[in-house]
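Each residue of the sequence shown is one higher than the one before, starting from 1052 at the first, in the working numbering. Ideal placement from N, C-alpha and C gives every residue a C-beta, glycine not left out. In this text the structure is predicted, and so the values were computed from the model without any measurement.
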Amino acid sequence: MLNGPGSQRDHVVVMGAGPAGLTAAYELNKHGVAVTVLEQDPKYVGGIARTVEHNGYRFDIGGHRFFSKNQEVEDLWTEILGEEMLTRGRLSRIYYRGRYFDYPLKATNALLNLGLLETARCMSSYALARVSPVREPRTFEDWVSNQFGKRLFEIFFKTYTEKVWGIPTSELSADWAAQRIKGLDLFEVMKNALLPHRNGNGNGDRGAVIKTLIDQFRYPRLGPGQMWERVVELLSESGAHVRMGEKIVAIERDGSGVTALRTEGGESVPGTGFISSLPIRKLVMALHPAAPDEVLAAAKALRYRDFLTVALVIDRAEMFPDNWVYIHEPGVKVGRLQNFKNWSPHMVADGSKTCIGLEYFCFEGDGLWSADDADLVKLATSELAELGMCRPEEVVDGVVVRVPKAYPVYDDEYQRHVATIRDYLGAAVPNLHLVGRNGMHKYNNQDHSMMTALVVARNIATGAGLDPWKVNTDAEYHEEARDTELERSGRQAPRRLEIAS
Ligand SMILES: Cc1cc2nc3c(=O)[nH]c(=O)nc-3n(C[C@H](O)[C@H](O)[C@H](O)COP(=O)(O)OP(=O)(O)OC[C@H]3O[C@@H](n4cnc5c(N)ncnc54)[C@H](O)[C@@H]3O)c2cc1C
């Protein structure tokens, strides 16, 4: 149910001070609505898009590019940070067997790097896949091997995909590969690399726009957290409250809707309207009185992939020119390296040093997640040395940041579960509104989170009557689109196949 400008706007309580929660608060504040934000973190705002500071070195939880097809979001970023928003060039490559491969892949560069022998192997395995493909490919591995040959699959697709999702590619569904890699055909790649390019691409300006999105992005001078820290300053200046270290543990409700939020400290924070950017699973489990069993079961069935970053300070002025590097080496656990100095030179305290973020994908509670910080710093140091990036004794400092629920997982059932929860909440607690990434279980970027927040804030403030679920993954509002189309147009995450045991 969408809400009109009734009593809900008297005092809105926002759960979570990430991009979605703070954008909602910022917009409500502009409309003169009294707003309080509760954030569990004692220090940082920005959620997954925060910038952590350690001994003067600043780093992201994964590097955060600021780009959006939605001009309103771009304008909002400019409004908040003005000239503090830098325009940066993008360089990101794949590292494999001591060599850097362009990403997106370029045929000539890939073939030169692989060398004659390996190239010959790749071509013959590609030829084999053409003449004798796996009939009716069900798995990611079969689908990609059919498309590129087994050898190229192993080099460029297998290792990284398995690191990110924690599932063997022989157990991931083929439809995800088809969705992600559609239109990329090795023959076309080769042809484009070897034949001279024609001027113009038949797409008008679109090609140029896409190229710009790929080659450049905006980035706050002091990292993404700067954006969200500035929003908090602006909110405080106009009397809105962002309360840090306030973990919401219960959502109190009566027959007509949510009445108050209970914090871990035992305080009850009343309100008339409520906006949640909390993971849906957490939100539903916190309802008091509890939701019916089928709604609780739907919430418990939602799954997540977790993530941790080990930031190391290295006593070297330069390491590699990329913003980030995908690590396809099978022998190491690290999935990606971020070089924060290349995102903005202001991210490092001392220009004679470099700060590298080593990203590890994991599940909460698994071996990596539960390892001691000191052991993780040791692991990251030894893996960086194994990759030939630096010597262990050059690492002068290290710190670990764990991010639970970094990725909402799209499995076969998640849409059904989210629909069950949405229907129930819409009917039982119509003054509670869901926004954002885990708040709506959407594998999104900040712009999508922000747009859903703007829509919800306007509904509360003005009775705009818009549906936040109609914001697609490009952060554009599509009145006519149905959910399934929105999902298909978005970033996809793979699903595990049912394998007979
Ligand atoms: C590795 C990685 C790389 C990414 N790269 C990019 C990128 O390049 N560009 C881009 O635009 N986006 C990127 N994203 C996505 C971006 O981080 C998210 O879209 C964005 O942070 C989502 O904002 P949100 O406010 O919806 O959720 P979150 O950022 O998750 O914020 C939710 C907030 O709620 C708080 N909270 C949770 N539970 C409670 C509770 N019980 N009580 C009180 N507070 C609570 C959390 O502490 C958090 O602050 C990336 C994400 C990842 C994981």
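Let's test the definition: count the other Cβ atoms within 10 Å of the Cβ of Val1065 and tell me whether it reaches 16, buried, or not, exposed. As a working mapping, residue 1065 is identified with position 14 in the sequence shown. With 16 or more other Cβ atoms within 10 Å, it is buried.
Among Glu1192, Arg1144, Gly1200, the one whose alpha carbon lies nearest that of Ala1225: Residue numbering aside, residue 1225 sits at position 174 when the sequence shown is read from its first letter. For the residues Glu1192, Arg1144, Gly1200, the minimum Cα distance to Ala1225 belongs to Glu1192.
Pull up the distance between the alpha-carbon of Val1215 and that of Leu1168, whole angstroms please. Position 164 of the sequence shown, counted from the first residue, corresponds to residue 1215. Position 117 of the sequence shown, counted from the first residue, corresponds to residue 1168. Taking the straight line from one Cα to the other gives about 29 Å.
Span of the alpha helix (DSSP H), counted from its first residue to its last, around Trp1279: Stepping through the sequence shown from its first residue, residue 1279 is reached at position 228. Note, Trp1279: alpha helix (DSSP H), 1275-1288.
Nearest to Asp1357 by CA position, among Gly1418, Ala1337, Gly1316, Met1370, is which residue? In the sequence shown, residue 1357 corresponds to position 306, counting from 1. Cα-wise, what sits closest to Asp1357 is Gly1418.
Would Leu1517 pass as a contact of Val1446 if the rule is Cβ separation under 9 Å? The residue labelled residue 1517 in the question sits at position 466 within the sequence shown. The residue labelled residue 1446 in the question sits at position 395 within the sequence shown. No, they are not a contact pair.
My assumption, with CB atoms under 8 Å, is that Tyr1211 sits in contact with His1379. Please give the rounded CB distance. By one-based count along the sequence shown, residue 1211 stands at place 160. By one-based count along the sequence shown, residue 1379 stands at place 328. The pair is a contact, with the Cβ atoms about 5 Å apart (cut-off 8 Å).
Find the nearest neighbour of Gly1382 within the set Ala1431, Pro1343, Glu1415, judged by alpha-carbon distance. Counting from one through the sequence shown, the residue named residue 1382 turns up at place 331. Measuring from the Cα of Gly1382, the nearest candidate turns out to be Ala1431.
Excluding five sequence neighbours on each side, which residues of the same chain lie with their C-beta closer than 6 Å to the C-beta of Met1501? One-based indexing of the sequence shown puts residue 1501 at position 450. Contacts found: Pro1070, Thr1074, Val1124.
Would Gly1067 and Val1084 qualify as a contact pair, given that the criterion is a beta-carbon distance under 9 Å? The count along the sequence shown starts at 1 and reaches residue 1067 at position 16. The count along the sequence shown starts at 1 and reaches residue 1084 at position 33. No, Cβ-Cβ distance for Gly1067 and Val1084 is not below 9 Å.
Check each candidate in Arg1442, Leu1359, Lys1456, Ile1299 and name the one with the smallest Cα separation from Leu1409. Against the sequence shown, residue 1409 aligns to sequence position 358. Answer by Cα proximity: Leu1359.
Closest by C-alpha distance to Leu1132, when choosing among Val1283, Ser1143, Tyr1151: Taking the first residue of the sequence shown as position 1, residue 1132 is located at position 81. The shortest Cα separation from Leu1132 among Val1283, Ser1143, Tyr1151 belongs to Val1283.
Taking all protein chains shown into account, do 16 or more other C-beta atoms lie within 10 angstroms of the C-beta of Tyr1146, making it buried, or fewer, making it exposed? Counting from one through the sequence shown, the residue named residue 1146 turns up at place 95. Buried, because 16 or more other Cβ atoms sit within 10 Å of the Cβ of Tyr1146.
Rounding to the nearest angstrom, what Cα-Cα distance links Leu1505 and Trp1279 in this structure? Residue mapping note: residue 1505 aligns to position 454 of the sequence shown, counting from 1. Residue mapping note: residue 1279 aligns to position 228 of the sequence shown, counting from 1. So the alpha carbons of these two residues sit roughly 15 Å apart.
Using DSSP with H/G/I as helix, E/B as strand and the rest coil, what is Thr1323? In the sequence shown, counting from the first residue as 1, residue 1323 sits at position 272. Of the three classes helix, strand and coil, the one that applies to Thr1323 here is coil, per DSSP.
Ligand 1 heavy atom lying under 8 Å from the CB of Glu1369: Mapped onto the sequence shown, residue 1369 falls at position 318. No, since every heavy atom of ligand 1 falls outside the 8 Å radius drawn around the Cβ of Glu1369.
DSSP-derived helix/strand/coil call for His1492: Along the sequence shown, one-based indexing puts residue 1492 at 441. Looking at His1492 - three-state DSSP - the assignment turns out to be coil, as it is neither helix nor strand.
Out of Tyr1411, Pro1443, Asp1266, Cys1441, which has the shortest C-alpha to C-alpha gap to Arg1453? For the purposes of this step, residue 1453 is taken as the residue at position 402 of the sequence shown. Of the candidates Tyr1411, Pro1443, Asp1266, Cys1441, the one whose C-alpha sits nearest the C-alpha of Arg1453 is Tyr1411.
Cα-Cα separation, Asn1054 to Ser1176: Stepping through the sequence shown from its first residue, residue 1054 is reached at position 3. Stepping through the sequence shown from its first residue, residue 1176 is reached at position 125. Its pLDDT being 44, under 50, Asn1054 is placed unreliably in this model, and the value from its coordinates should be taken loosely. Each residue's alpha carbon lies about 58 Å from the other.
Could you check whether Cys1173 and Leu1137 sit closer than 9 Å to each other, using their CB atoms as the reference points? In the sequence shown, residue 1137 corresponds to position 86, counting from 1. In the sequence shown, residue 1173 corresponds to position 122, counting from 1. Not in contact: Leu1137 and Cys1173 (Cβ atoms no closer than 9 Å).
Could you check how far apart the C-beta atoms of Leu1156 and Phe1207 are, in whole angstroms? I think they sit under 8 Å. Within the sequence shown, residue 1156 is the residue found at index 105, counting from 1. Within the sequence shown, residue 1207 is the residue found at index 156, counting from 1. Leu1156 to Phe1207, Cβ: 7 Å. Contact.
Take every Cβ of the region 1296-1309, pair it with every Cβ of the region 1449-1466, and state whether three or more of those distances are shorter than 8 Å. no
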